[in-house]
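Undergrad:
Numbering (UniProt numbering), first residue to last: 1 to 724.
1) With respect to 7 Å, is the separation between the Cβ of residue 622 and the closest non-hydrogen atom of the ligand SAH below this value?
2) Go ahead and label residue 94 buried or exposed: buried means 16 or more other beta carbons lie within 10 angstroms of its beta carbon, across all protein chains shown.
3) For residue 470, name the three-state secondary structure that DSSP assigns.
4) Could you tell me whether the Cβ atoms of residue 298 and residue 370 are closer together than 8 Å?
5) If you draw a straight line from the alpha carbon of residue 727 to that of residue 546, how long is it in whole angstroms?
6) Specify whether the region 655–667 and the region 486–506 touch according to this definition: at least 3 beta carbon pairs, one from each stretch, less than 8 Å apart.
7) What did DSSP end up calling residue 506 once you bin it into helix, strand or coil?
8) Keeping to the same chain, check which residues put their C-beta closer than 8 Å to that of residue 384; ignore five residues upstream and five downstream.
9) For residue 342, count neighbouring Cβ atoms within 10 angstroms of its own Cβ and tell me buried if that reaches 16, exposed if not.
10) Does the Cβ of residue 5 have 16 or more other Cβ atoms within 10 Å, making it buried, or fewer, making it exposed?
11) Smallest Cα separation from residue 672: which of 639, 693, 490 and 659?
12) Does the Cβ-Cβ distance between residue 23 and residue 430 come in under 8 Å?
13) Helix or strand or just coil, what does DSSP make of residue 550?
14) Could you have a look at residue 229 and say whether DSSP puts it in helix, strand or coil?
15) What are the boundary residues of the alpha helix (DSSP H) that includes residue 666?
16) In or out: residue 159 buried (at least 16 other Cβ within 10 Å) or exposed?
17) Among 644, 653 and 674, which one has its Cα closest to the Cα of residue 636?
18) Can you name, in chain order, every residue of its own chain whose Cβ lies under 7 Å from the Cβ of residue 288, other than the five neighbours on each side?
19) How big is the Cα-Cα spacing for residue 574 and residue 691?
20) Got a sec? Which residues, its chain only, sit under 6 Å from residue 696 by beta carbon, not counting five neighbours each side?
21) Cα separation between residue 559 and residue 580?
22) Identify every run of the beta strand (DSSP E) within the region 374–432, keeping only runs that are complete inside it and at least 3 residues long; order them along the chain.
23) Note the first and the last residue of the continuous beta strand (DSSP E) segment covering residue 643.
24) Are the region 53–72 and the region 125–143 touching by the rule of at least three beta carbon pairs closer than 8 Å?
25) Which residue from 19, 228, 101 and 112 puts its Cα closest to that of residue 389?
26) Taking C-alpha atoms, which residue in 20, 294, 508 and 192 lies nearest to residue 517?
27) Kindly indicate which three-state DSSP category residue 307 falls into: helix, strand or coil?
28) On the DSSP bridge list, what partners appear for residue 675?
29) Please report the straight-line C-alpha distance between residue 123 and residue 92, rounded to a whole angstrom.
30) What span of residues does the beta strand (DSSP E) with residue 264 cover, start to end?
31) Buried or exposed: residue 629, going by 16 or more other Cβ atoms within 10 Å of its Cβ?
32) Would you call the CB atoms of residue 28 and residue 48 closer than 8 Å?
33) Quick check on the DSSP output: what are the complete alpha helix (DSSP H) runs of length 4 or more inside the region 593–626, in order along the chain?
34) The beta strand (DSSP E) that contains residue 246, what's its start and end?
35) Of the residues 647, 96, 561 and 181, which one's Cα is nearest the Cα of residue 588?
36) Could you give the distance in angstroms between the alpha-carbon of residue 86 and the alpha-carbon of residue 40?
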């Protein structure tokens, strides 16, 4: 048992509300600063806006909402060419505004006026030639003069739901705390398991597995989750088949006739489970904005089921009538007639909603498995419904307040969390704002005056000084998974130990340092190399090594701080603040990638990742055109992904041996566990090795076990010039 003391629920909820508010403010101020101080062209280059649009159609969508379709203004399309929207970063599910497009020279006041006349909504679909959005308000007029643009806004909707949830928790009376909730706050201990899971007399001993290929640690985790009364944590290190294990768990729970609510922080995490369950013909309902679902998941979605079920026919005729009215509003210019049609539309909407609600309720009530994002589980469809078990995948990527959405708005008495708290937590903007960084610096200064900590103490919380805590050192980075583990200790968790992704040499360091040396490489992956890829790769010194370290020590590859824009071609950043870059290191990455491609490796099997956005911008310029198909990304954005070969550019190289947020071991853990057959690390062991105990061990490990290479600056740049 852990000795952590029980948590006071109202003060926990109050701290969460304070932290969530700070986070929302950080997000809003960042967005507002970008929108007001940059021209539309800059915002479009940064992927935050799409310019030169016109309304191409308006129709009625799910819930009687208005759907607006926008396409490129014909005036900007060259005759005879396809009217494809240029590259942009706006995704399905983003919150956006559609407004008249301001001129590049427009003053802030003009921009504000145009913004006031605009309409806000959610992106429903993004296609090559158009974008569809669902409007928030029913009777706003979409701007129709001149050219329009859509611009991405901060997402305050999820905050509203988390706030409602925490406010509700804060107001709970003592008598409303169920035994389950008491366990989640350490006011009661989890019920001990009835028997040893491996005892032949235990009913769990005779489980019939749907998937005979499960390994022992996966079976153990499933039995443990079945036997636990209130909470079970399934800890899935990289490549250990966490989702695979959850699918078997869901099938076993269904055999016991339980009703399940399955959630994840993102749509993709939930859709992944829907796709895999579909293979087992599990009848289920996927709640969620149709816009945000994968096409393969749509026929399980409530949106489609409300159109195809028997109850749906009643809903459809009203929808058709509404579409006709929408069309006639656009045709009529007479104000009185328009008002009349608006009134009729309002009544139709009311009727539509009533019918749709009845249809939805009968569908949801009849379903044994309901899947939704954590946020989506707070929708009106589920309020007050009863479930036997709530399962949350990717729980280490979710804010704790998000996890309470399904726990408070539905009735449930058991929770299974699956995740890996040793990979990156959710991104928290309020921890990285200017004020927060200044606070960290002050904190660091005052720490420097104190006696130096012992080496073994130093790394306990990573090398990252944390902000002053609100209560009991809580920040939004502390997830429910982390908190429960601290509260009840490892007895509530089972770890998956066989990994199916990485060559043994790539796995060894993270296993030793972070996973108690418990990871085992499955037989078919432990020796696999790039030269064994099935499409004919040459056997070279670059394709027969699973672990390569280009050590740039000696100061020939110095980093640079980017205070200004690295605008221009290929850059996604607007102002990259004080992000770091290292051009010579990027040239070395290019050299290594060229060698792999020359040996026959396909560009799409290679990824280059780096912790710094400024470095990403330089790598894009060097690699994107030279090697079409190669994937470039930030470490944070690459969580959950894998590639045959991964090159990691560490960037930091300076006389002061400063490593910044490279000292966050969870970030490095993500970077070093993405590859299947080769990890190539490019960095300065001299700088990096002094950053923390963890970094020192890593550099020593690489020096001993990797194929060690010392680049010569002249060779790197000669190759760069020859190769263009």
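Every residue gets a Cβ at the ideal spot worked out from N, C-alpha and C, and that includes glycine. In this text, all values refer to a predicted model and were calculated from it rather than measured experimentally.
TA: Quick look at the numbers:
1) Among the ligands in the structure shown, none appear at all, so the ligand SAH cannot be discussed.
2) Translated into the one-based positions of the chain shown, residue 94 becomes position 94. Buried, because 16 or more other Cβ atoms sit within 10 Å of the Cβ of residue 94.
3) For the purposes of this step, residue 470 is taken as residue 470 along the chain shown, with counting starting at 1. Residue placement at residue 470 is flagged as unreliable, the pLDDT there being 39, under the threshold of 50; a coordinate-derived value is accordingly withheld.
4) The residue given as residue 298 occupies position 298 in the chain shown. The residue given as residue 370 occupies position 370 in the chain shown. The Cβ atoms of residue 298 and residue 370 do not sit closer than 8 Å to each other.
5) Since the first residue of the chain shown is 1 and the last is 724, residue 727 is not available in this structure.
6) no
7) The sequence position of residue 506 within the chain shown is 506, counting from 1. Helix at residue 506.
8) Stepping through the chain shown from its first residue, residue 384 is reached at position 384. Non-local C-beta neighbours of residue 384 in its own chain, meaning closer than 8 Å and more than five positions away in sequence, comprise 409, 410 and 411, ordered along the chain.
9) What you label residue 342 is simply residue 342 of the chain shown in a count that begins at 1. Exposed, because fewer than 16 other Cβ atoms sit within 10 Å of the Cβ of residue 342.
10) As a first step, residue 5 must be located in the chain shown, where it is residue number 5. A residue is called buried once 16 or more other Cβ atoms fall within 10 Å of its Cβ, and residue 5, having fewer, is exposed.
11) The residue given as residue 672 occupies position 672 in the chain shown. Closest option to residue 672, Cα to Cα, is 639.
12) By 1-based counting over the chain shown, the position of residue 23 is 23. By 1-based counting over the chain shown, the position of residue 430 is 430. The answer is yes: Cβ separation under 8 Å.
13) Your numbering for residue 550 matches position 550 in the chain shown. Of the three classes helix, strand and coil, the one that applies to residue 550 here is strand, per DSSP.
14) As a working mapping, residue 229 is identified with position 229 in the chain shown. Residue 229: coil per DSSP, three-state reduction.
15) Taking the chain shown and counting its residues from 1, the one referred to as residue 666 is at position 666. From DSSP, the alpha helix (DSSP H) with residue 666 extends over 665–672.
16) As a working note, residue 159 is residue 159 in the chain shown. Label assigned to residue 159: buried.
17) Your numbering for residue 636 matches position 636 in the chain shown. Per the Cα distances, 674.
18) Within the chain shown, residue 288 is the residue found at index 288, counting from 1. Once the five neighbours on either side are set aside, the close Cβ partners of residue 288 are 267, 301, 372, 373 and 376.
19) Along the chain shown, one-based indexing puts residue 574 at 574. Along the chain shown, one-based indexing puts residue 691 at 691. Because residue 574 carries a pLDDT of 40, less than 50, the predicted location of this residue cannot be relied on, and no value is offered for it.
20) In the chain shown, the residue the question calls residue 696 occupies position 696. So the list reads 689, once near-sequence residues are dropped.
21) What you label residue 559 is simply residue 559 of the chain shown in a count that begins at 1. What you label residue 580 is simply residue 580 of the chain shown in a count that begins at 1. Those two C-alpha atoms are separated by around 7 Å.
22) 389–392 and 415–419
23) As a working mapping, residue 643 is identified with position 643 in the chain shown. From DSSP, the beta strand (DSSP E) with residue 643 extends over 643–649.
24) yes
25) Mapped onto the chain shown, residue 389 falls at position 389. For the residues 19, 228, 101 and 112, the minimum Cα distance to residue 389 belongs to 228.
26) What you label residue 517 is simply residue 517 of the chain shown in a count that begins at 1. Cα-wise, what sits closest to residue 517 is 508.
27) Position 307 of the chain shown, counting from 1, holds the residue named residue 307. In this structure, residue 307 counts as helix in the three-state DSSP scheme.
28) For the purposes of this step, residue 675 is taken as residue 675 along the chain shown, with counting starting at 1. Note: residue 675 sits in a beta bridge opposite 643.
29) Against the chain shown, residue 123 aligns to sequence position 123. Against the chain shown, residue 92 aligns to sequence position 92. Distance between the alpha carbons of residue 123 and residue 92: 5 Å.
30) The count along the chain shown starts at 1 and reaches residue 264 at position 264. Segment 260–264, the beta strand (DSSP E) holding residue 264.
31) Translated into positions along the chain shown, residue 629 becomes position 629. Result: exposed.
32) In the chain shown, counting from the first residue as 1, residue 28 sits at position 28. In the chain shown, counting from the first residue as 1, residue 48 sits at position 48. No.
33) 613–623
34) Numbered from its first residue, the chain shown carries residue 246 at position 246. Residue range 242–255 is occupied by the alpha helix (DSSP H) that includes residue 246, with no beta strand (DSSP E) assigned at that position.
35) By one-based count along the chain shown, residue 588 stands at place 588. When each option's Cα is compared against that of residue 588, the closest is 647.
36) Working through the chain shown from its first residue, we reach residue 86 at position 86. Working through the chain shown from its first residue, we reach residue 40 at position 40. Rounded to the nearest angstrom, the gap between the Cα atoms of residue 86 and residue 40 is 14 Å.
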